[in-house]
RNA sequence: GCCGGGAUAGGCUAGCUUGGUUAGACUAGGGGACUGUGGAUCCCCUGACUCGGGUUCAAAUCUCGGUCCCGGCCCCA
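Below, the structure written as structure tokens:
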């Protein structure tokens with residue numbers, strides 16, 4: 147027997163229906179925020195992902211040569227493809243460009259709870275915020291828009307337990323650069339700070355010639371955690387900037403987020419505000435959403451534009467909702483048409499076809515079963531109604547409509563079936 | 001890449017400690033008993049020891065390795 151490859155899954159009909167249901171909820175939220183959907187290839191020129199990545203990214207990239215000797219990689223995330231798409235085909239569109247996408251990504255990692263090698267992301271990007279308000283090019287309203295949508299998406303899953311934390315990587319980058327950390331070693335320091343591994347970060351920075359006082363100041367900054375009031379301790383533009391983000395979130399009715407200037411995220415291309423959301427119901431892999439503001443387009447040969455984006459880990463947030471006890475009841479089909487006797491089979495097919503033309507999901511017995519077995523099958527495929535086609539009623543152009551939930555039945559003229567079935571929805 | 005726990009029909013499992021019948025039950029699936037009414041009862045049928053090597057007269061059972069799953073570490077763009 148051949149199984150799915152490690153870290154991949156099959157989605158059976160009930161599971162798939164559930165996934166589509168939530169997926170469409172996310173689409174709905176994105177559309178109500180004025181975003182439009184896009185799709186990019188599942189594989190790309192490997193360079194797109196290698197350009198700005200470190201060794202860890204490469205290690206987990208599904209990369210290979212195709213038959214034409216091209217270097218190809220399965221996408222490990224979708225921000226880079228989205229920005230490539232912007233540079234290739236949307237760079238002259240009116241800004242800001244608001245797009246969203248849903249699809250699978252691939253990373254060669256060790257699978258564990260909430261982590262798969264093929265996983266699904268729902269993401270959105272606001273590309274090119276016009277009228278930069280601050281010298282780093284970003285606008286608080288843009289960032290607030292992204293966070294507000296992320297919050298709405300989490301709510302769309304009905305998640306009760308979650309937290310959203312907002313930070314700013316620009317201030318931290320600036321601070322460690324000013325303190326004397328060389329640009330090419332900033333990532334090492336940021337990684338320790340992200341994990342709050344101070345006892346490891348201190349000797350590292352000392353070695354780079356950072357003074358003890360500066361180190362303490364940097365640690366203090368990453369310890370800026372709490373409600374929006376902690377921003378009072380943050381001097382200069384960043385404090386002012388994040389306060390504005392918070393004000394816009396409040397205006398939009400988004401519950402007050404936590405501030406955590408220690409949120410560093412992937413240390414790659416983020417330049418300003420960064421945020422993440424986690425669901426404690428999950429275990430080790432509890433992050434369900436992450437994003438921030440960045441510039442990436444100039445790397446792919448476009449002009450430099452300021453953008454903000456985020457992605458929701460679809461599999462994880464679904465898992466979190468399940469762990470909170472949420473149930474999704476599959477809808478199944480509307481009607482199952484069966485004939486009482488063999489001479490009614492043509493008539494049954496005719497009625498099923500009529501229902502289908504009316505937009506009702508209808509199945510018909512194609513297995514030649516006797517009535518009792520056909521009803522049992524109808525119940526198993528979660529049909530809400532059985533349409534029983536018998537000679538007796540057919541003399542008057544009617545059939546028996548049986549409510550599979552209650553067992554109630556009535557005789558309905560064939561022409562009235564669609565209305566009767568729809569009525570009860 | 002590292003540490004730990006697992007794997008018996010589609011699903012849930014008994015058997016494994018102490019090697020020895022035809023690997024048992026429940027459920028699901030197919031057919032029938034019931035010739036116009038399902039989720040009831042009964043009968044019949046289909047269907048499994050994760051894979052490979054080793055020990056042994058004999059392996060689901062002991063042993064080694066691979067694969068996959070689960071939990072954690074690392075990482076998480």
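Residue numbers (the numbering used here): 147 to 571. All residues carry an ideal CB built from backbone N, CA and C; glycine is no exception.
In terms of residues, what are the limits of the alpha helix (DSSP H) holding residue i?
{"i": "residue 316", "result": "315-324"}
{"i": "residue 337", "result": "332-340"}
{"i": "residue 382", "result": "382-397"}
{"i": "residue 350", "result": "344-353"}
{"i": "residue 295", "result": "286-302"}
{"i": "residue 434", "result": "Looking at the DSSP string, residue 434 is not in any alpha helix (DSSP H); the run it does join, the beta strand (DSSP E), is 433-440."}
{"i": "residue 196", "result": "193-196"}
{"i": "residue 523", "result": "517-526"}
{"i": "residue 202", "result": "201-205"}
{"i": "residue 226", "result": "225-231"}
At a threshold of 7 Å, does residue i count as lining the ligand NAD (C-beta to nearest heavy atom)?
{"i": "residue 277", "result": "The model on display carries no ligand, and the ligand NAD is accordingly not part of it."}
Under the DSSP definition of a beta bridge, which residues are partnered with residue i?
{"i": "residue 559", "result": "544"}
{"i": "residue 419", "result": "314"}
{"i": "residue 245", "result": "182, 271"}
{"i": "residue 217", "result": "211"}
{"i": "residue 262", "result": "According to DSSP, which records beta bridges pairwise, residue 262 is partnered with nothing at all."}
{"i": "residue 372", "result": "405"}
{"i": "residue 309", "result": "424"}
{"i": "residue 189", "result": "220"}
{"i": "residue 549", "result": "531"}
Give the range of the beta strand (DSSP E) segment to which residue i is assigned.
{"i": "residue 484", "result": "481-485"}
{"i": "residue 492", "result": "Run containing residue 492: none in the beta strand (DSSP E); it sits in the alpha helix (DSSP H), 491-503."}
{"i": "residue 454", "result": "453-459"}
{"i": "residue 510", "result": "508-510"}
Reducing DSSP to helix, strand and coil, say where residue i ends up.
{"i": "residue 149", "result": "coil"}
{"i": "residue 378", "result": "helix"}
{"i": "residue 111", "result": "The shown model of the chain, from 147 to 571, leaves out residue 111, and the question about it has no answer."}
{"i": "residue 533", "result": "strand"}
{"i": "residue 414", "result": "coil"}
{"i": "residue 239", "result": "coil"}
{"i": "residue 250", "result": "strand"}
{"i": "residue 474", "result": "coil"}
{"i": "residue 513", "result": "coil"}
{"i": "residue 256", "result": "coil"}
{"i": "residue 282", "result": "coil"}
{"i": "residue 360", "result": "helix"}
{"i": "residue 467", "result": "helix"}
{"i": "residue 430", "result": "coil"}
{"i": "residue 400", "result": "coil"}
{"i": "residue 175", "result": "helix"}
{"i": "residue 444", "result": "helix"}
{"i": "residue 277", "result": "coil"}
{"i": "residue 566", "result": "helix"}
{"i": "residue 163", "result": "helix"}
Within the same chain, show all residues whose beta-carbon is closer than 6 Å to that of residue i, passing over the 5 residues directly before and after it, in chain order.
{"i": "residue 325", "result": "356, 360"}
{"i": "residue 183", "result": "246"}
{"i": "residue 504", "result": "564"}
{"i": "residue 406", "result": "311, 313, 371"}
I'd like the list of long-range same chain contacts for residue i, defined as Cβ closer than 7 Å, with 5 residues on each side in sequence excluded.
{"i": "residue 175", "result": "295, 298, 299, 302"}
{"i": "residue 498", "result": "483, 508, 510"}
{"i": "residue 560", "result": "497, 543, 544, 545"}
{"i": "residue 557", "result": "539, 544, 546"}
{"i": "residue 431", "result": "258, 259, 260, 261, 462"}
{"i": "residue 154", "result": "262, 263, 264"}
{"i": "residue 444", "result": "450"}
{"i": "residue 180", "result": "244"}
If I measure Cβ to Cβ from residue i and keep anything under 8 Å in the same chain, skipping five residues before and after, which residues do I get?
{"i": "residue 159", "result": "476"}
{"i": "residue 493", "result": "485, 535, 540"}
{"i": "residue 342", "result": "368, 408"}
Check your understanding: Counting pairs of beta carbons, one from the segment 320-337 and one from the segment 296-304, are three or more of them closer than 8 Å?
Key -> no
Review point. If we count Cβ pairs, one from each stretch, closer than 8 Å, do we get three or more for the segment 214-222 versus the segment 234-243?
Key: no
**Study point:** Stretch-stretch touch, CB-based, cutoff 8 Å, three pairs: the segment 512-525 with the segment 480-492
**Key:** yes
Exercise for review: Tell me, please, whether the segment 309-328 touches the segment 361-371 by the rule of three or more beta-carbon pairs shorter than 8 Å.
Suggested key: yes
Practice item. Flag this pair as touching only if the segment 395-402 and the segment 288-296 have three or more C-beta atom pairs under 8 Å; answer yes or no. Key: yes
Check your understanding: Is there contact between the segment 183-201 and the segment 224-238, where contact requires at least three CB pairs shorter than 8 Å?
Key -> yes
Point to revise | the segment 205-214 touching the segment 406-420, judged by at least three CB pairs closer than 8 Å | key: no
Review point. Any contact of the segment 457-474 with the segment 422-440, i.e. 3+ C-beta pairs under 8 Å?
Key: yes
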